[in-house]
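Reviewing the structure listed below.
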Amino acid sequence: MSPGRRKGICPPDQARLTDPEGGIPLQTSDHPADLQQLRLNVPCVSACPALTDVPAYIEAVRRRDYRTAFRLNLDTNFLPGVLGRVCSRPCETACRHGDPDLGAPVAICYLKRLAADYLDPAFTEFRDPFPATGRSVAVVGGGPAGLAAARVLGLLGHRVTIFESFPRLGGMLMYGIPIFRLPRDVVSLDVERILGPGIRVELGVQVGREVRAPELLREHDAVIVAAGTYKTRPLGVPGADLPMVLSGLDFMIQVNQGLAPPVGRRVLVVGGGFTAHDCARASLRLGAEEASICIRTTEEDLYVTREEILETKREGVTYLNLVSSTRVVAEGGTSGIVFARNRLGRVNQSGQRSPSPIAGSEFLKPADTVIAAIGQSADPDGVLAGLEGKPVFDRASGACELPGLFGAGDFVTGPATVIDAIGHARKVAGEVDRFLSGNTRTRIYVTVTPSGDTTRPRTWDFISRTPMPDLGEAERLSAMENEVRAGYDEAMGQEEARRCYLCHLKYEIDPAKCIYCRLCLEACPRACIGLVENARPGEPGSPPTLQWTRSWNETAAVVIDSARCIRCGLCLRICPTRCIRVLKLGVAESLDPSVGEAAQ
Amino acid sequence: MKTEHFVIIGNGAAGNRAADVLRTGEPDARITLISDEFIHFYYRHRLSDFLAGDCEESDLLVRSSEEYREQRIRLRLGQRVVRVDFPKKTLYLQHMEVIRYDRLLLCVGGRPRVPEIYYACRDRFTVFKTVEDARHFRRKLAEVDRVVIVGGDLISLKVAEVLVRLGKKVSFLVDRDAFWPLEADDGVRHELSERLTAKGIEVVGDDGLALVESAGRAGLRVSTRAGRTIPCEMVGAFFGLVPAVDFLLGSGLDIDRGILVDEYLQTSVPGVFAAGDCAQVYNPAIRNYWVSIGWPNARLLGEVAALNMLGQGRRADHVPVNALEMDGLVVNTCWWRRLQ
């Protein structure tokens, strides 16, 4: 049975719906205002492109219930073992524990890894698929986006065929990310778990060559292109075609196939993305003595995580900031790149820096090997060869002018992170299902459940972030396959999981019962309880705007500011009238089978 | 009319010079000088004398509280700025106090650099930059027989000499990038080794630090890349300074290694200036960005920044010292010339 559903703003104290099975009062909503409430209350969940229910799984880790923690990830982001190692962690950037005066964000990513590492090996749970629809979908590309789309559509009862040009599934996980950051058995295990009944895989088939897009469109009811971005941007300066200049992605693909492309003593990597960092770190493992990452702006502007930069530096990679390459030279005894220094420039409207070279600032940086990792793009001409015209894919829905043809992941959005690709593919899969069934069967809901007080003592708020154990520098560089990060053990995981404030708990004061005694205001350690004079209806799609006041004479209600609240529960325990109530916010994807059946 | 509030973060050579210049130029303005140290403005280069016991803490001081009172400069000691909200022109101090400013000068200086390759050893390093570090060093020395010094910067030479004078056994691991950010060539490194050896310091050259481990109660064990182990009680890390700008990351201010400024010492945020060891500026003469080093430069830059805060449009001419002299050893700092 699907839970009851109510559209529109649901103030938590009204319109409580009853779950017919559990008898637990439950309320769900997919109204934008409630999604906005989720964003205010639980920043980690809304920051995740796949809307992973972070506090719920961290709580499960704390209980050593790794099965539940794993499932909560498996159902939303599909690749817990992989993401627990290489996720870009937008959740941690948003984590309330990282607010200026509150310390460091919870190590959400490492806890995900712990759940995967310590999962009972016998875990084989697979969600029951919906009744077969008889429709078939071709997915081009077996990377994160393709796998995510296949997983969702397979569950919804469609027959899915994945076409992968490489000999193994995983895309960038298998051929882009180096083995010292992501062991391959982890990838294989996660991928195996995704492939359920209804999903067929064709390996070593390159769409556009062995099979062509028009054929796929004829043979299948829908086609999702999730072919990633494998076309590399050339360096584009004089000398870029010299043999000492390698392409970053090709270099990594070779390394990841177990080949050892020769590198010189001094390596310069041009570019500052994940691929560039991987290239620099891999070349040290291939015998280079010096490796530098050369970027046009500064380290602060890089998209990779701070931790990745630190790890890279620890291995001895240096950074050459604020430079643009003007030419590559190899003549006589000197070889290297002639750079110009850059001025940083302002941030433009799209949030990008526009650095400009300084006249007369050219200098030669000697090098034996140059690796260009300055960008990748999709190759629609190759994959979609044979189609008339050039389809333009809508970023939000993945659809294009051709009915039945969709695009997902990096192929549409441009190079992004694993979690971005999965989040995007999940949305596109919903659209594809709508196209096939004529109904909306997947919907994201905010769930609201009454809850007890937090189970955390206040002292846990002062635990500092548990550092990740890792290999020493020498051991790292001695072999390509030595995984740099060792992973938390169980005790470390428990300790780290305790740090999570559990922001999915929402403390609310009932104005009807409040006697304005101020005890909660005095107990609150973060001054997040305030006086409100009025509440005005917000813009459509957002919650009401509160008008705060400092005057008791104008006070209409005492209100907890959920965006600041650290869920310590002190207010609740001190309240003499028990007027504070705790609700638990969750996020769920409702796959509604009744709609699917009606469609058949 | 509302008086302007000039706030200076950093109580060093640049900050103090700037405060004086601002006071002269703007007799009525409010001037606040914030320092995270508890001590008054002091001579850093005398810290090794203090370590040796040749002088006391009071001898280090440059100026007294009375002078600040006379100049009507509000001095806030022992207060750390943790965040700056530039659009709101507001500083947040660690003890939750909030300060508004009209014009801001950042003279936050440097903090001891620990190269990331030694990240795993960082907790076992003893650094030497502030008077607090010097006190700690001095206290610790009582229980120490053998000290290993890693890195190699100007202050380390003096400290090593002092330690020998105090009867300690000193081993010196000369780092590959000694005198960073200056480029010491083999000649300089060789001369350095000879001078140190002549003073009774054991020099470990052509080798590098691999690991510092704990070895029992107060003991440490240093392992080198070549496989040597040196037992000791203290590891002094001397890798130079890096701009202490961590608290400004993510604030919207343009930062590379240091705070990026133009030749008027203006940062990317209007009304906010930077001077001294934390300001990074492009220098056409060396075709590179440059962070000033040393007391006279800091003083000069502090003066220029203050004049520009008063709207005078003064350019900072680079006065690169060609050589830094320390104890008779001249280190050529014209590292940039070679780039041409």
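Residue numbers (the working numbering), protein chains in the order written: chain A, 1 to 600; chain B, 1001 to 1340.
Where a beta carbon is used, it is the ideal one built from N, C-alpha and C, also for glycine.
Enclosing alpha helix (DSSP H) for C279/A [first to last residue]: On the first sequence, residue 279/A is found 279 positions in, with the first residue counted as 1. C279/A -> alpha helix (DSSP H) spans F274 to R285.
Limits of the unbroken beta strand (DSSP E) element including W548/A: What you label residue 548/A is simply residue 548 of the first sequence in a count that begins at 1. Boundaries of the beta strand (DSSP E) around W548/A: T545 to T549.
Burial state of T413/A (16 or more Cβ within 10 Å): Position 413 of the first sequence, counted from the start, is the residue given in the question as residue 413/A. Buried: at least 16 other Cβ atoms inside 10 Å.
N- and C-terminal bounds of the alpha helix (DSSP H) containing T1197/B: Here the question's residue 1197/B lines up with position 197 in the second sequence. Note, T1197/B: alpha helix (DSSP H), D1186 to A1198.
Option in Q1280/B, R1314/B, A1306/B and L1211/B with minimal Cα separation from E1026/B: By 1-based counting over the second sequence, the position of residue 1026/B is 26. Of Q1280/B, R1314/B, A1306/B and L1211/B, the residue nearest in Cα terms is A1306/B.
V1204/B to V1170/B span [Cα, whole Å]: For the purposes of this step, residue 1204/B is taken as the residue at position 204 of the second sequence. For the purposes of this step, residue 1170/B is taken as the residue at position 170 of the second sequence. Distance between the alpha carbons of V1204/B and V1170/B: 11 Å.
Bridge-paired residues (DSSP) for L217/A: Here the question's residue 217/A lines up with position 217 in the first sequence. DSSP, once it has assigned bridges, lists no residue as partnering L217/A.
Where T466/A falls, given that 16 or more other Cβ within 10 Å makes a residue buried: For the purposes of this step, residue 466/A is identified with residue 466 of the first sequence, where counting begins at 1. Buried: at least 16 other Cβ atoms inside 10 Å.
P178/A vs A330/A beta-carbon contact at 7 Å: As a first step, residue 178/A is located in the first sequence; it is residue number 178 there, counting from the start. As a first step, residue 330/A is located in the first sequence; it is residue number 330 there, counting from the start. In this structure, A330/A does not lie closer than 7 Å to P178/A by Cβ.
Exposed unless 16 or more other CB atoms sit within 10 angstroms - verdict on I24/A: Here the question's residue 24/A lines up with position 24 in the first sequence. For I24/A, the predicted model reports a pLDDT of 46, less than 50, meaning its position is unreliable; a value from the coordinates is still stated below. Burial call: exposed.
Opening and closing residue of the beta strand (DSSP E) in which I574/A lies: Here the question's residue 574/A lines up with position 574 in the first sequence. Unbroken run through I574/A is the alpha helix (DSSP H), L570 to I574; no beta strand (DSSP E).
C-alpha gap between A276/A and Y303/A, whole angstroms: Taking the first sequence and counting its residues from 1, one reaches residue 276/A at position 276. Taking the first sequence and counting its residues from 1, one reaches residue 303/A at position 303. Distance between the alpha carbons of A276/A and Y303/A is about 11 Å.
Residues of the region 1061–1094 of chain B whose Cβ lies closer than 8 Å to any Cβ of chain A, in chain order: Across the region 1061–1094 of chain B, CB contacts with chain A closer than 8 Å involve V1082, R1083 and Y1092, in sequence order along the chain.
Selected residue, minimal CA-CA separation from P1270/B, among R1044/B, L1106/B and D1049/B: Numbered from its first residue, the second sequence carries residue 1270/B at position 270. Closest by alpha carbon: L1106/B.
Exposed unless 16 or more other CB atoms sit within 10 angstroms - verdict on M1096/B: Your numbering for residue 1096/B matches position 96 in the second sequence. Classification for M1096/B: exposed.
Cβ-based neighbour list, G271/A, same chain, cut-off 6 Å, excluding 5 preceding and 5 following: Working through the first sequence from its first residue, we reach residue 271/A at position 271. The answer, listed in chain order, is A373 and I374.
Per-residue contacts from D1254/B into chain A (C-beta, under 7 Å): Taking the first residue of the second sequence as 1, we reach residue 1254/B at position 254. Those within 7 Å of D1254/B in chain A are L344.
Test: G316/A CB closer than 7 Å to a CB of chain B: By one-based count along the first sequence, residue 316/A stands at place 316. Output row for G316/A: interface = yes.
Cβ-based burial, D1153/B [other Cβ within 10 Å; buried from 16]: Here residue 1153/B refers to the residue found at position 153 when the second sequence is read from its first residue. D1153/B comes out buried.
For L1301/B and L1265/B, believed in contact at Cβ under 8 Å, the rounded distance: The residue labelled residue 1265/B in the question sits at position 265 within the second sequence. The residue labelled residue 1301/B in the question sits at position 301 within the second sequence. Contact flag correct, Cβ pair sits at about 6 Å.
Under 8 Å from the C-beta of G360/A: neighbouring residues of chain C: The structure shown contains no chain C; the protein chains it does contain are A and B.
Buried or exposed by the 16-neighbour rule on C-beta atoms within 10 Å, applied to D53/A: Taking the first sequence and counting its residues from 1, one reaches residue 53/A at position 53. The residue is buried, with at least 16 neighbouring Cβ atoms inside 10 Å.
Start-end ranges of the alpha helix (DSSP H) lying completely within the region 416–482 of chain A, minimum 4 residues: The region 416–482 of chain A contains these whole alpha helix (DSSP H) runs: 418–437 and 473–478.
For R1139/B, the nearest candidate out of F1050/B, L1060/B and E1004/B (CA to CA): Taking the second sequence and counting its residues from 1, the one referred to as residue 1139/B is at position 139. Each of F1050/B, L1060/B and E1004/B was checked against the Cα of R1139/B, and the nearest Cα belongs to F1050/B.
For S1251/B: DSSP bridge partner residues: Here residue 1251/B corresponds to residue number 251 of the second sequence, with the count starting at 1. In the DSSP assignment, S1251/B is bridged to no other residue.
Distance between R1074/B and L1033/B (C-alpha atoms, nearest Å): Sequence index remark: in the second sequence, residue 1033/B carries index 33 (1-based). Sequence index remark: in the second sequence, residue 1074/B carries index 74 (1-based). C-alpha separation (whole angstroms): 6 Å.
Short Cβ contact (7 Å threshold) for V1261/B with A1279/B: What you label residue 1261/B is simply residue 261 of the second sequence in a count that begins at 1. What you label residue 1279/B is simply residue 279 of the second sequence in a count that begins at 1. Yes, the pair counts as a contact, with Cβ atoms nearer than the cut-off.
Contact under 7 Å by Cβ, V207/A with V383/A: The count along the first sequence starts at 1 and reaches residue 207/A at position 207. The count along the first sequence starts at 1 and reaches residue 383/A at position 383. The answer is yes: Cβ separation under 7 Å.
Any chain B beta carbon closer than 7 Å to P100/A: The count along the first sequence starts at 1 and reaches residue 100/A at position 100. Chain B, which has a Cβ nearer than 7 Å to the Cβ of P100/A, makes this yes.
Short-range partners of chain A found in the region 1095–1124 of chain B, where Cβ spacing is below 9 Å: M1096, P1115, E1116, I1117, Y1118, Y1119 and A1120
Segments assigned alpha helix (DSSP H), at least 4 residues, entirely inside the region 356–392 of chain A: 380–383
Contact between the region 461–476 of chain A and the region 504–512 of chain A (3+ Cβ pairs under 8 Å): no
Coil, strand or helix - F1172/B by DSSP: By 1-based counting over the second sequence, the position of residue 1172/B is 172. Strand at F1172/B.
For R327/A and V86/A, the rounded distance between their alpha carbons: Taking the first residue of the first sequence as position 1, residue 86/A is located at position 86. Taking the first residue of the first sequence as position 1, residue 327/A is located at position 327. So the alpha carbons of these two residues sit roughly 34 Å apart.
Exposure label - G1151/B; buried when at least 16 CB within 10 Å: Mapped onto the second sequence, residue 1151/B falls at position 151. Label assigned to G1151/B: buried.
DSSP state of D1123/B mapped onto helix, strand, coil: By 1-based counting over the second sequence, the position of residue 1123/B is 123. Three-state result, D1123/B: helix.
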